[in-house]
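Worksheet for the structure shown next.
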Amino acid sequence: MARNLFQKVWESHAVRVLPNGQTQLLIGLHLIHEVTSPQAFQMLREAGLKVRHPGRTFATVDHIVPTHDQARPFMDPLAEEMMGSIERSAREFGIQLFGLDDPRQGIVHVVGPELGLTQPGMTIACGDSHTSTHGAFGAVAFGIGTSQVRDVLASQCLAMDPLKVRRIWSTGSLGRGVYAKDLILAVIRKLGVNGGVGFAYEFAGEAVDRMSMEERMSLCNMSIEGGARVGYVNPDETTFRWIQGRPFAPKGEGLEKARAWWRSCASDPEARFDDEAVIEAPKVEPHVTWGINPGQSVGISERIPFPAEVPEPERKSLEEALEFMDFKSGAPIAGTPIDVAFIGSCTNGRLSDLREAAHVAKGRRVAKGVKALVVPGSRAVARAAEAEGLDALFREAGFEWRAAGCSMCLAMNPDRLVGSQVCASSSNRNFKGRQGSKTGRTLLMSPAMVAAAAVAGRVADARKMMDG
Ligand code: SF4
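Under the numbering used here, the first residue of the sequence shown carries the number 2, and numbering increases by one thereafter.
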């Protein structure tokens, strides 16, 4: 019977059906970081257990890492404690840690793929919501909570309920200056922030086929913002080319065998889906959020909606968003003044993201009064960008060039908004307080759009700043 990728991967990793009806699922790769692991390790110690498969467990540090002054001990004692804790746990349980002294350190969802740890047909778990990123490779990857981190550490398995699968078919191609970030914001706007609850999203169609792996990662990264715990793209030659030659990728004959297996994991042409949605990629404009969840966005030529223009159940949230953001229905999103510009995160902190932003920033200056940060997603991204001179280009334009980490995506390190600042951000969440100030306001957009906002001092159409 024809099956989709989710069904194939699920079935090949199912150990058994548990008495409560859940599936005991083998986890191929467990990624951990400093924030959600300390309690899990402590629970392991208290139960007298070891890590079941240290060789399938990899740790990095990202959330609390300062991106400016990384001297130890950190200024923040809680951050120092978390850092010390993961260092001790990695030593004690024999887990490979990409720590601050390791050239492989970076955001967990940037590091896994760039090291070739993330591969098609795998089940991947991590104590972080944006684990869906790894689905870009045709893996079934999901975020888990701390007690589940403990379960995977102890047993390499999880008790899970299967998901339904919705295929999101993107017709045509994205226009110039329009990115995967815009497509996923448009998808979430269309289907809602809870539209994906209970579903895995399969992203397919011409626009997705044409995307680079980095774009596919941005797309899958934000599946969770649409309520889908898992998002994936079927593996193809683009995927295989990315993986080949990476440190943890199979080599020689092993690679040939792996490629055959990876190919077989893709959804069959006649596979059935529980639901389908279509999005016309050529009609998608650069998107910008105006509200307090990632579904509250408009195209750059559009205006902030009136309550009557959104479905009835969304009106209360719209009113709450307008009050919090101090925005008005009917106002154009273009021209909204900003105070801070942040380029980075596991959504958009990769080399191609920095290149697109640099293309806009080149030869321009950050507007007076705007604080602009560029934070590479990993040390490898930073090295590659520096080799191309992107750091110098950004500095010359007035941006700060920082060390790898989650930075201003969330408020667990010194990079934070102050008061009610408005931040043009390439990250993934615009929830109230997400960027460290209770009254701080976040506008999500692509890295090129953040660069455009940084130099204009207000939300602007990056496409008008792209030449050549
Ligand atoms: S960049 Fe943001 S979303 Fe991504 S792992 Fe870090 S904190 Fe989480």
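Beta carbons: idealized from backbone N, C-alpha and C, even for Gly. All values reported here derive from a predicted model rather than from experimental measurement.
### Message
Considering only heavy atoms of the ligand SF4, does any lie closer than 7 Å to the CB of H131?
### Response
yes
#### Entry: Rounded separation between V141 and L32 - CA only
14 Å
### Message
For T239, report the span of its beta strand (DSSP E) as first-last.
### Response
Not the beta strand (DSSP E): T239 falls in the alpha helix (DSSP H), residues E238 to I244.
### Message
Using only CA atoms, which one of P236, Q422, V419 and G95 lies nearest to G136?
### Response
P236
### Query
Would a C-beta distance cut-off of 8 Å place C266 and L6 closer than the cut-off?
yes
### Query
With C-beta atoms as the reference, is L164 less than 8 Å away from F200?
yes
### Message
Quick test of your reading: M446 and V194, contact by CB under 8 Å. State the CB separation rounded to the nearest angstrom.
### Response
At roughly 17 Å, the Cβ-Cβ gap does not stay under 8 Å, so M446 and V194 are not in contact.
#### Entry: Among G56, T443, I108 and E47, nearest to I65 - alpha-carbon criterion
I108
### Query
Buried or exposed: which applies to L444, given that a residue is buried once 16 or more other Cβ atoms fall within 10 Å of its Cβ?
buried
### Task
Confirm, please, whether the CB-CB distance from V150 to G128 is below 8 Å.
yes
### Query
Relative to the ligand SF4, is the shortest distance from any of its heavy atoms to the C-beta of L444 smaller than 7 Å?
no
### Message
Taking 7 Å as the limit between beta carbons, can you name the residues of its chain near W243, skipping five residues before and five after?
### Response
M214
### Cα-Cα separation, L323 to K329
6 Å
### Task
Round the Cβ separation of L19 and A160 to the nearest angstrom and send it over; I've been treating them as touching at under 8 Å.
6 Å
#### Entry: R89 in three-state terms, based on DSSP
helix
### Query
T132: buried (16+ other C-beta within 10 angstroms of its C-beta) or exposed?
buried
### Query
By Cβ distance, which residues of its chain are closer than 6 Å to D340, with the 5 residues on each side in sequence left out?
Q422 and V423
### Query
Candidates V10, G364, C347 and A259: which alpha carbon is nearest A222's?
Contrary to the premise, residue 222 reads as Asn rather than Ala in this sequence. With distances taken between Cα atoms, N222 lies closest to C347.
### Query
Near A359, which residues of its chain fall below 7 Å by C-beta distance, leaving aside the five closest residues on each side in sequence?
L391, L394 and F395
#### Entry: I108 CB to nearest heavy atom of the ligand SF4 below 7 Å
yes
### Task
Could you check if M1 is buried or exposed, using at least 16 other CB atoms within 10 Å of its CB as the buried criterion?
The structure shown does not extend to residue 1, since the chain is modelled only from 2 to 469, so the question has no answer here.
### Query
Is any heavy atom of the ligand SF4 found at a distance shorter than 7 Å from the C-beta of S38?
no
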